[in-house]
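Heads up: the structure comes next, in structure tokens.
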Amino acid sequence: MHAIGTPDTPQNWELYRHAVVDIHFPDRTVRVGPRSPGTVEGTFPEPADGAALHVITAWNPRGRTSSAEYNAHAHGLLLDELDRRRLAWWPATGGDTSGTHTEESVAVVGMSEDAARELGRRFGQDAIFTWTPDAWRLSACDGDTAAVSGWAASARPGRSSSPSPSERFRTDGFPAEVTYETHPLCGARRHVRDRTSPLRRSARPAVEGTD
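Laid out in structure tokens, this is it:
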């Protein structure tokens, strides 16, 4: 992995460099992780149609562990923002290879890396991942720190049908239905807001750049 470091390198950078991401497509889950530069093992997912996939989370801002309710609500706000921009995405989970630490995420198509970094920054994130047919890139949301590597991808068992935390809660402790529009061909999702259960301003996490 080729790293470009600056004095602003995030504290957990080495953990991010070795992280893996599971992207949950309708028919399978694909795990992608870093390999030595120039290495490509496996197949880039067809649903992305060759476009860059940006992996973004709203969990645990600044690398500090937050409550399950906070993370679920922040994830809901991230989905709202993707919906506002009319961006297509797939559910994703990032974490260490053992699964000891995982974070609910999204794999988004249709935006530039700079826009993805800016979105991560708004949600207090240290970094984002970008997956392209020829590289796996970790980019800091603040500063110019980046690490570029090859990648390996493999199919894994399908995603569980049980709801994720953000599908169960829209605000701290308040269950609500979350619905999506699903593309009939590639399965990409667009979030549809639940207008019968609006987000309460008092319950919102402190997210930069949101009202």
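So for the sequence shown, the UniProt record's numbering puts the first residue at 1; every next one is plus one. Beta carbons are placed, not taken as given, at the ideal position from N, Cα and C, and that holds for glycine. Here the structure is a predicted model, which means the values were calculated and not measured.
**OP:** Put tryptophan 13 into one of helix, strand or coil per three-state DSSP.
**Re:** helix
**OP:** Could you check which residue in Trp151, Trp59, Trp136 and Arg17 has the C-alpha nearest to that of valine 106?
**Re:** Trp59
Subject >> threonine 145 versus threonine 9 - alpha carbon distance >> reply: 6 Å
Original post:
Where does the unbroken alpha helix (DSSP H) through arginine 35 begin, and where does it stop?
Top reply: First-last for arginine 35: 29-35, but that is the beta strand (DSSP E), not the alpha helix (DSSP H).
**OP:** Could you tell me whether the Cβ atoms of valine 32 and tryptophan 151 are closer together than 8 Å?
**Re:** yes
Subject >> Three-state secondary structure assigned by DSSP to proline 91 >> reply: Note: proline 91 maps to strand in three-state DSSP.
Original post:
Assuming alanine 155 and valine 30 make a contact with CB atoms under 8 Å, what is their CB distance in whole Å?
Top reply: 6 Å
**OP:** Could you say which of Cys141, Pro133 and Asp80 lies nearest to threonine 43 if we only look at CA atoms?
**Re:** Pro133
Original post:
Under a three-way DSSP split, which group does tryptophan 18 fall into?
Top reply: Checking the sequence shown, residue 18 turns out to be histidine, not tryptophan. Histidine 18 falls in the coil class under three-state DSSP.
**OP:** Take the Cβ of arginine 84 as the centre, count every other Cβ of all protein chains shown within 10 Å, and call the residue buried at 16 or more, exposed below.
**Re:** exposed
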